[in-house]
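Structure, as structure tokens:
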Ligand SMILES: [Zn+2]
Ligand SMILES: [Zn+2]
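Rendered as structure tokens:
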């Protein structure tokens, strides 16, 4: 089994987190920290400070381009629809 070839031209194959609404990997950060928008269904989401699944408080590491969107405890998505 050979690994798939990367597409030519340096296309961005680093897909973002899955959208909780349409399950497409098109979540992109907005200008606001902790806010994301799905460019597929145009729904907006916010990173929760408390896991909606297990209630664990999570220390959200705010980074410019990549953010932790999964609960450290249960691995569930920390994204909440706005
Ligand atoms: Zn979506
Ligand atoms: Zn959790």
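Residue numbers (the numbering used here): 309 to 390.
Cβ atoms here follow ideal geometry from the backbone N, Cα and C, with glycine treated the same way.
Check	Outcome
Is the CB of residue 334 under 8 Å away from at least one CB in chain E?	Here there is only one protein chain, and chain E is not present.
Between residue 346 and residue 390, what straight-line distance do the alpha-carbon atoms span, to the nearest angstrom?	12 Å
Buried or exposed, going by whether 16 or more other CB atoms sit within 10 Å of the CB of residue 385?	buried
Which two residues bound the contiguous beta strand (DSSP E) that contains residue 333?	Counting along the chain, residue 333 falls outside any beta strand (DSSP E), and DSSP gives it neither H nor E.
Nearest by alpha-carbon distance to residue 388: which of 331, 366, 348, 360 is it?	360
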